[in-house]
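S.K.:
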Amino acid sequence: MMNDMTRSESGELAKPRRSAAQAPDRLNAERLALDAIYEIAKSFATAPDPIDVVPEILNVLSSFMDLRHGVLALLAEPDGTGDAEPGTSNPYVIAATNFLRDDATTAEEVFPAVVAKLVFRSGVPLVSFDLAEEFGPDAVPLRLQGEGQTLIAVPLRDPDQSHFVIGVLAAYRSHSDGLQGMSDVDVRVLTMVASLLEQALRFRRRIARDRERAQADTRRLLQTMSEQRGKRPAPVTFDGILGDSPAITGVIEQVRRVAGRKTPVLLRGESGTGKELFARAVHSQSKRAKGPFVRVNCAALSETLLESELFGHEKGAFTGAGTLKKGRFELADGGTLFLDEIGEISPVFQTKLLRVLQEGEFERVGGTKTIKVDVRIVAATNRDLEDAVAKGEFRADLYFRICVVPIVLPPLRDRPSDIRPLAQLFLDRFNTSNGTSVRFAPDAFDTICQCKFPGNVRELENCVNRAAALSDGEIVLGEELACRQNSCLSADLWQLQDGTSPVGGLAVGRVVTPAVRPRGPEPERWRDRAPERGPERAPERAPERAPDRFSDRPPEAPAYADDGGQTRRKTANTAKEELISAMEEAGWVKAKAARLLGMTPRQISYALQKHGIEVRKI
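The sequence shown begins at 97 in our numbering and counts up by one.
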């Protein structure tokens, strides 16, 4: 079929030769649509990069179905790359098209922005039977003006997160071809093409992940062989960052590459992974190292205080503003501004922050003078920002502005070889600051290295300091550690039963809810974190411990009893029907319903919010 096609002057493939019996009626059009899908599927199956063959796919649609000027629009990078007019508000770039254009042609001249934004936001196909009449003559590309045009656009979804639209696949049909009634067929065909592209992208991502996994396994194997031969390399130190594991060395290499650029950096990772330390490393390795490094914790300030803290205020701008105050943006001029916990700022303030990041200018609170600054932004968060964007809790344009170079910081459980040198570093710091000479016995180091440390590096430092401070002598034995004395606070505080979806392979923004330890014999996975109970302590009086949230084994279900001395224990995962029944029985009083279900009022509130249940007023 492809052998009968030739290219026209515009670069598109000419239509296949048809006989008189192959008139452009609906039956022939549907048959040609099947032929087009067959050719497209073959192209995707053999393509190393699916995006590279999209222009060929668009030519097939033009040749077989008269869908001209096909376009694939993808969400734009926030630094304006790929857009002919950097700094515009267009959220997309043209990734592929068979529309004949030059380098000066903007994305909006090829594909109308109003249509793109509708499909990006709604996530459903759009058909405009008369583009000029519905969206105005400016929505029709200059080359297509003068004749009626039907526009068909379908969403392209993220292969790993189907609720997230990452692109739009569209094509035009001229009214002069006499096939205006083919819109339903056009939508089905473009939807199938988008689905084939999604599958090809998913397959490519899986191959990339398998390759990375194989490379990581090879690095670990080589490191293990070196350690067995007694050639363990010294831990790498980089601006206060210590470790030699593949996970941390990969992050250090990313920091070195990106530090010399002005590009915004988003540090992502669980709490306690050292995001501020890496932010300082980005600053110290950049050309702005001699400039100021200014830090702001966005979660610690209210919206009003945060605005005054970042932008400053004029004298008399509000009650208590007795003098002019420069904001953190001014103080960081020529240097780096670290916005910690940026995922916690309110939607209203997100709009104000976006303008500063885009234009590099702002006004102080109560002032009218526009101030321009040159600041490099490094942001950090432990939230799942993609999920927040999908739920409308975080602005998509601000997300793309700050997430230019995302760097995922590995949790301590993914770098177990770094635990021992880090523990020794914290012990040396303790001895220096307290004038002591405490040392860890080998069994103490072994016990520490076996811990999962859900609180990451911060928890490891606390564990070392606590053990050194409570030691009776200069040597800390393994049995003196908190986890061996059944008094580890981490085991009680870090109890996790439910969490949000992962980002790029890393679970962030998890929801921490109280967990209930099942009654009965102690599971084996708890025994390495608590000593054997002596006969003098009754099992029912022993302190309850939470299951290890990083264990591969699922937690046993707690025992429930309606009576007989045991209290029913539920969690925020309680079924919706059972929750409504308890609330009705309690007269919609959360405290009473909590007692009925064996939950806390806070768990009740979270469960009501999770199931979308409105509290009735009686």
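By construction, the Cβ of each residue, glycine as well, lies at the ideal position given by its N, Cα and C atoms.
Can you check whether the CB of glutamate 308 is closer than 8 angstroms to the CB of leucine 252?
M.R.: As a first step, residue 252 is located in the sequence shown; it is residue number 156 there, counting from the start. As a first step, residue 308 is located in the sequence shown; it is residue number 212 there, counting from the start. Not a contact, by the Cβ cut-off of 8 angstroms.
S.K.: With a 10 Å radius around its C-beta and 16 neighbouring C-beta atoms as the bar for buried, classify threonine 193 as buried or exposed.
M.R.: Taking the sequence shown and counting its residues from 1, one reaches residue 193 at position 97. Counting Cβ neighbours within 10 Å, threonine 193 comes out buried, since at least 16 surround it.
S.K.: Identify which residue in Ile147, Val210 and Ala396 has its Cα closest to the Cα of alanine 290.
M.R.: On the sequence shown, position 194 is the one that residue 290 refers to. Nearest option by C-alpha distance: Ile147.
S.K.: Provide the residue span of the alpha helix (DSSP H) that contains threonine 532, from first to last.
M.R.: Numbered from its first residue, the sequence shown carries residue 532 at position 436. Looking at the DSSP string, threonine 532 is not in any alpha helix (DSSP H), and its letter there is neither H nor E.
S.K.: Rounded to whole angstroms, what is the Cα-Cα separation between alanine 235 and alanine 690?
M.R.: Indexing the sequence shown from 1 puts residue 235 at position 139. Indexing the sequence shown from 1 puts residue 690 at position 594. Each residue's alpha carbon lies about 57 angstroms from the other.
S.K.: I need the DSSP call for histidine 409, collapsed to helix, strand or coil.
M.R.: Translated into the one-based positions of the sequence shown, residue 409 becomes position 313. Strand.
S.K.: Does the separation of the CB atoms of alanine 212 and alanine 169 fall below 8 angstroms?
M.R.: Counting from 1 along the sequence shown, the entry for residue 212 is found at position 116. Counting from 1 along the sequence shown, the entry for residue 169 is found at position 73. Result yes, Cβ atoms of alanine 212 and alanine 169 sit closer than 8 angstroms.
S.K.: Please report the Cβ distance between proline 342 and arginine 315, rounded to the nearest whole angstrom; I am assuming they are in contact, meaning their Cβ atoms lie under 8 angstroms.
M.R.: By one-based count along the sequence shown, residue 342 stands at place 246. By one-based count along the sequence shown, residue 315 stands at place 219. So it is a contact: roughly 5 angstroms between Cβ atoms.
S.K.: Looking at leucine 157 and alanine 125, is the spacing between their C-beta atoms short of 8 angstroms?
M.R.: Translated into the one-based positions of the sequence shown, residue 125 becomes position 29. Translated into the one-based positions of the sequence shown, residue 157 becomes position 61. In this structure, leucine 157 does not lie closer than 8 angstroms to alanine 125 by Cβ.
S.K.: As a quick exercise: from Leu222, Ala266, Asp256 and Leu247, pick the residue whose alpha carbon is nearest that of valine 150.
M.R.: Residue numbering aside, residue 150 sits at position 54 when the sequence shown is read from its first letter. Of the listed residues, the one whose Cα sits closest to valine 150 is Ala266.
S.K.: What are the partner residues of asparagine 393, as DSSP defines its beta bridges?
M.R.: Here residue 393 refers to the residue found at position 297 when the sequence shown is read from its first residue. Asp436.
S.K.: Below 8 angstroms on the Cβ atoms is my guess for valine 347 versus isoleucine 503; work out the distance and round it to an integer in Å.
M.R.: Position 251 of the sequence shown, counted from the start, is the residue given in the question as residue 347. Position 407 of the sequence shown, counted from the start, is the residue given in the question as residue 503. Right, the Cβ-Cβ distance comes to about 6 angstroms (below 8 angstroms), so this counts as a contact.
S.K.: Roughly how many whole angstroms lie between the Cα atoms of asparagine 155 and serine 367?
M.R.: In the sequence shown, counting from the first residue as 1, residue 155 sits at position 59. In the sequence shown, counting from the first residue as 1, residue 367 sits at position 271. Looking at the two C-alpha atoms, the distance is approximately 49 angstroms.
S.K.: Per DSSP, alanine 266 forms a beta bridge with which residues?
M.R.: In the sequence shown, residue 266 corresponds to position 170, counting from 1. Per DSSP, Val167 and Ala249.
S.K.: When you compare only the Cα positions, how much space is there between arginine 509 and arginine 554?
M.R.: Mapped onto the sequence shown, residue 509 falls at position 413. Mapped onto the sequence shown, residue 554 falls at position 458. Roughly 13 angstroms between the two C-alpha positions.
S.K.: Kindly indicate the opening and closing residues of the beta strand (DSSP E) around alanine 191.
M.R.: Within the sequence shown, the letter at position 95 stands for residue 191. Segment 188-193, the beta strand (DSSP E) holding alanine 191.
S.K.: So phenylalanine 260 packs on glutamate 482, CB below 8 angstroms; how close in whole Å?
M.R.: Residue mapping note: residue 260 aligns to position 164 of the sequence shown, counting from 1. Residue mapping note: residue 482 aligns to position 386 of the sequence shown, counting from 1. Going by Cβ atoms, the distance from phenylalanine 260 to glutamate 482 rounds to 6 angstroms, so yes, they are a contact pair.
S.K.: Relative to the alpha-carbon of serine 272, which residue among Ile262, Gln241, Lys448 and Arg301 has its alpha-carbon at the smallest distance?
M.R.: Reading the sequence shown from its first residue, position 176 is the one you call residue 272. Checked all of Ile262, Gln241, Lys448 and Arg301; the closest Cα to serine 272 is Gln241.
S.K.: Do alanine 476 and glutamate 437 come within 8 angstroms of each other at the CB atom, strictly closer than that value?
M.R.: Looking up residue 437 in the sequence shown gives position 341. Looking up residue 476 in the sequence shown gives position 380. Cβ distance < 8 angstroms, so glutamate 437 and alanine 476 count as in contact.
S.K.: For threonine 543, which of Phe434, Asn530 and Arg516 has the nearest alpha-carbon?
M.R.: Sequence index remark: in the sequence shown, residue 543 carries index 447 (1-based). Of the listed residues, the one whose Cα sits closest to threonine 543 is Arg516.
S.K.: Mind checking whether leucine 338 and leucine 449 have CB atoms under 8 angstroms apart?
M.R.: Counting from 1 along the sequence shown, the entry for residue 338 is found at position 242. Counting from 1 along the sequence shown, the entry for residue 449 is found at position 353. Going by C-beta atoms, leucine 338 is not nearer than 8 angstroms to leucine 449.
S.K.: Could you compute how far the alpha carbon of proline 697 sits from the alpha carbon of serine 677?
M.R.: The residue you call residue 697 lines up with position 601 of the sequence shown. The residue you call residue 677 lines up with position 581 of the sequence shown. Each residue's Cα considered, the two are about 16 angstroms apart.
S.K.: Taking the alpha-carbon of asparagine 552 as reference, which of Ser583, Gly370 and Gly232 has the nearest alpha-carbon?
M.R.: The residue labelled residue 552 in the question sits at position 456 within the sequence shown. Cα-wise, what sits closest to asparagine 552 is Gly370.
S.K.: Leucine 675 to lysine 138, Cα distance in whole Å?
M.R.: Looking up residue 675 in the sequence shown gives position 579. Looking up residue 138 in the sequence shown gives position 42. About 52 angstroms.
S.K.: Spatial neighbours of proline 233 within its chain, please: C-beta separation below 8 angstroms, excluding the five flanking residues on both sides.
M.R.: Position 137 of the sequence shown, counting from 1, holds the residue named residue 233. Hits under 8 angstroms: Gln241.
S.K.: For phenylalanine 715, collect the residues of the same chain with a Cβ closer than 8 angstroms to its Cβ; drop the 5 residues on either side in sequence, then sort them by chain order.
M.R.: This structure gives no information on residue 715, because the portion of the chain shown stretches from 97 to 714.
S.K.: In the DSSP assignment, what are the bridge partners of threonine 466?
M.R.: Position 370 of the sequence shown, counting from 1, holds the residue named residue 466. Its beta-bridge partners are Glu459.
S.K.: Taking phenylalanine 458 as the reference, give the member of Cys584, Glu426 and Gly416 with the closest Cα.
M.R.: Indexing the sequence shown from 1 puts residue 458 at position 362. Residue Glu426 is the option with its Cα nearest to phenylalanine 458.
S.K.: Answer with buried or exposed for glycine 423, where buried requires no fewer than 16 other C-beta atoms within 10 angstroms of its C-beta.
M.R.: As a working note, residue 423 is residue 327 in the sequence shown. Buried is the call here.
S.K.: What does the Cβ neighbour count give for leucine 123, buried or exposed, with the cut at 16 atoms within 10 Å?
M.R.: Here the question's residue 123 lines up with position 27 in the sequence shown. With fewer than 16 Cβ atoms within 10 Å of its Cβ, leucine 123 is classed as exposed.
S.K.: Please state if the CB of methionine 161 and the CB of leucine 128 are separated by a distance shorter than 8 angstroms.
M.R.: One-based indexing of the sequence shown puts residue 128 at position 32. One-based indexing of the sequence shown puts residue 161 at position 65. Contact: yes.
S.K.: Between Ala492, Asn561, Leu505 and Cys547, which lies nearest to arginine 525 when the distance is taken from Cα to Cα?
M.R.: For this step, residue 525 is matched to residue 429 along the sequence shown. Out of Ala492, Asn561, Leu505 and Cys547, Asn561 has the C-alpha closest to the C-alpha of arginine 525.
S.K.: Pairs of beta-carbons, one from the region 398-414 and one from the region 374-381, closer than 8 angstroms: are there three or more?
M.R.: Too few Cβ pairs lie closer than 8 angstroms, so no.
S.K.: Suppose you measure from the CA of valine 206 to the CA of phenylalanine 195; what does that come to, to the nearest Å?
M.R.: Residue 206 sits at position 110 when you count from the first residue of the sequence shown. Residue 195 sits at position 99 when you count from the first residue of the sequence shown. In a straight line, the C-alpha of valine 206 is about 7 angstroms away from that of phenylalanine 195.
S.K.: Please identify the residue among Val361, Leu577 and Ser258 whose C-alpha is closest to the C-alpha of leucine 433.
M.R.: As a working mapping, residue 433 is identified with position 337 in the sequence shown. It is Val361 whose Cα lies nearest to the Cα of leucine 433.
S.K.: Under 8 angstroms, do phenylalanine 536 and leucine 523 count as touching if we go by C-beta distance?
M.R.: Numbered from 1 along the sequence shown, position 440 holds the residue referred to as residue 536. Numbered from 1 along the sequence shown, position 427 holds the residue referred to as residue 523. Taking 8 angstroms as the Cβ cut-off, phenylalanine 536 and leucine 523 qualify as a contacting pair.
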